[in-house]
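Data block below; observations after.
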Amino acid sequence: MTDEERKVITDLSKCNFKQLHAYFMDLAEKNRNRTKEEKLALKEKNEALLKEFGFCTIDGHKEKIGNFKIEPPGLFRGRGEHPKMGKLKRRVEAEDVIINCSKESTIPVAPPGHKWKEVRHDDKVTWLASWTENVQNQVKYIMLNPSSKLKGEKDWQKYETARKLHQKVNKIRENYQIDLKSKEMKIRQRAVALYFIDKLALRAGKSYAI
């Protein structure tokens, strides 16, 4: 909502959303009943967007971009019973977005009346744009498609590292068995985490922040 709208609408529980709900239900029904011509027109529109925004050039090679569309505003869902389910995801503006491109490349033009948060030239990373979403305060990225050459090389390096793990896994196990008896709490906690990752073959990841 705008500042003016916030002055008028101060309590959402007093708002009647029946007309809005009916509108979206009607829109969903129309989408389900699109004609063949309408579906073809929509397909052509999406293909035009992909052609304009779905590719970039890296080291002289045309590469496909994985996710070139930023998520629209809406309610956050998350996975399972996420503690922040239902919180409002605000619209991402150009002022929130960092563009990452080479110094020699043509910088994408921001929407009229807006400007990018920052334009940087970092060739040590593979992301093309980033922004911080407001619900979990996490950084989101526009990345290359998994089929791209650069992405494939990064994945290959990652799998090679995993493949070489067997050469050191016995030493790692010895170390965490020793660390389980450490006097320092943090070292013992790390050892317990390593034990469960090892024994249960867990894929380590981030926990949800409340």
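Everything in the sequence shown is counted per our numbering, starting at 1 for the first residue and increasing by one. Ideal placement from N, C-alpha and C gives every residue a C-beta, glycine not left out. No experiment lies behind these values; they were computed from the predicted model shown.
Beta-carbon proximity of residue i to residue j, cut-off 8 Å
{"i": "ILE98", "j": "ALA129", "result": "yes"}
{"i": "PRO111", "j": "ALA94", "result": "yes"}
{"i": "LEU150", "j": "ILE58", "result": "yes"}
{"i": "LYS87", "j": "VAL135", "result": "yes"}
{"i": "GLY78", "j": "LYS69", "result": "no"}
{"i": "LEU200", "j": "VAL192", "result": "no"}
{"i": "ASP122", "j": "ASN137", "result": "no"}
{"i": "ILE142", "j": "ASN67", "result": "yes"}
{"i": "TRP116", "j": "VAL92", "result": "no"}
Span separating the alpha-carbon of residue i from that of residue j
{"i": "TYR208", "j": "TRP127", "result": "Only weak support is given to the placement of TYR208: the predicted model assigns it a pLDDT of 41, under 50, and the question is left unresolved by the model."}
{"i": "VAL125", "j": "SER102", "result": "12 Å"}
{"i": "VAL169", "j": "PRO146", "result": "29 Å"}
{"i": "GLU174", "j": "ASP155", "result": "29 Å"}
{"i": "HIS273", "j": "GLY152", "result": "For residue 273 there is no data in the structure shown, the boundaries of the chain being 1 and 210."}
{"i": "LEU75", "j": "ARG90", "result": "9 Å"}
{"i": "LYS158", "j": "LYS7", "result": "52 Å"}
{"i": "GLU38", "j": "THR161", "result": "49 Å"}
{"i": "HIS222", "j": "ARG120", "result": "Residue 222 lies beyond the residue range present for the chain, which begins at 1 and ends at 210; the question has no answer from this structure."}
{"i": "GLN19", "j": "ARG190", "result": "54 Å"}
Same chain, Cβ closer than 6 Å to residue i, five either side skipped, listed in chain order
{"i": "GLU133", "result": "LYS140"}
{"i": "GLU118", "result": "ILE98"}
Neighbourhood of residue i by C-beta distance below 7 Å, restricted to the same chain and skipping five residues each side
{"i": "SER148", "result": "GLU63, LYS64"}
{"i": "LEU12", "result": "none"}
Counterpart residues of residue i in DSSP-defined beta bridges
{"i": "VAL109", "result": "Paired residues: none, contrary to the question."}
Beta carbon proximity, residue i to chain C, threshold 8 Å
{"i": "HIS61", "result": "Looking for chain C here will not work: only one protein chain is present."}
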